[in-house]
Amino acid sequence: MAKFLVTGAAGFIGFHTSQRLLARGDTVVGLDSLNDYYKVSLKRDRLQKLTSQPRFTFHQLDLAEREAVAQLFAREPFDVVIHLAAQAGVRYSIENPHAYVASNLVGFVNILEGCRHGAGVGKGTVKHLVYASSSSVYGANKKMPFAVHDSVDHPVSLYAATKKSNELMAHVYSHLYGLPTTGLRFFTVYGPWGRPDMALWLFTDAILAGRPIDVFNHGKMRRDFTYVDDIVEGVVRVADRIPAADPNWSPTAPDPASSFAPFRVYNIGNNKPVELMRLIAVLEQSLGRKAELNFLPMQPGDVPETYADIEALTRDVGFRPSTPIETGVEQFVRWYRAYHGTV
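Start counting the sequence shown at 8; every next residue gets the next number (the working numbering).
Listed below in structure tokens is the structure:
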């Protein structure tokens, strides 16, 4: 049994990850700022399901508060840190860039420093830092599927740039201080308890209310939709596998996914891109209602397609996501109806 710090524990993926760790007998300390990027009531409802369990404790804390984060690490030694807290959303990063700097850059370096020092100055206790990156780091890349061995130097949103920055910052701490770090590039996560700003929730809400749904790029979008249970399975398996220096890493032909330091980056995606119009058709079938479509052009910062190469993940942890979109959407709709009391 291990003691985990899960940041963003009241968030979508953080909630499910905490549930999985608790179910297998681990101790979880959850951290979340409970900000109002979307309805705080949803975050509190997730949190209520966690706080009712005996091996879970919660701290409401903004990661940008340097001293508060340092004090938390000084009080409590953690075996593994799973850092999922971040200011999310590609489009919102265009409107409010400073929120991303505070949460995703300042907050991340505070987590790195906490892991470095642990429960005693100069002697870190954290054995592994696992953190959320994003498929958005691939930006202007057109080679499909997106592979962790490819360069990701051309982000098209500030959100993507902060996630790429997290990977670079993690590598520095792996190199300088020997802190094992693993970054996980998530691909379009969906499922029960999901975020209200994401397409599946927005579409479901609009269809049930009889409103049109906004379909960007005139529907010519493909996403590697990945069910949340598959994401969590990948997160937990990776957390249990502490990276070591790659003996085959070459400084003359450097692989971005590994290093001479204890550092790794993986994609976690379904490895089966789905047309946006197909997602809408599956959702219509699950809801038993037709959608009214409002076709719009591509939005700034968005990309037309995502597709994950997951061979490195499969090789190293023996897992590949497999939940089909039909199953995942049905599970989401069932939860959504129950949560909102709709029929």
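Built from N, CA and C at the ideal position, the CB exists for glycine as well.
Here the alpha carbon of E120 sits roughly 44 Å from the alpha carbon of G226. H90 counts as buried, since at least 16 other C-beta atoms from the protein chains shown sit within 10 angstroms of its C-beta. H135 carries a strand assignment under DSSP once its states are collapsed to helix, strand and coil.
Around the C-beta of Y346, fewer than 16 other C-beta atoms lie within 10 Å, and the residue is accordingly described as exposed.
In the three-state scheme derived from DSSP, where H, G and I count as helix and E and B as strand, T259 is classed as coil. Shown here, D69 sits in coil according to DSSP, grouped into three states, outside any helix or strand.
Cα atoms of H135 and A251: separation of roughly 11 Å, rounded to the nearest angstrom. Relative to H178, the option among Q306, V222 and F115 whose CA is nearest is F115.
Here the alpha carbon of A213 sits roughly 14 Å from the alpha carbon of S293. Within the stretch 77-107, complete alpha helix (DSSP H) segments of at least 4 residues are found at 97-102 and 104-107, given in chain order.
Exclusion of the five residues before and after V239 leaves H23, T24 and R27 as the residues of its chain whose Cβ lies within less than 6 Å of its Cβ. The stretch 60-79 makes contact with the stretch 26-46, as at least three CB pairs between them are under 8 Å. Just so you know, the alpha carbons of V47 and V108 end up roughly 21 Å apart. For V159, no alpha helix (DSSP H) encloses it, and the DSSP letter there is neither H nor E.
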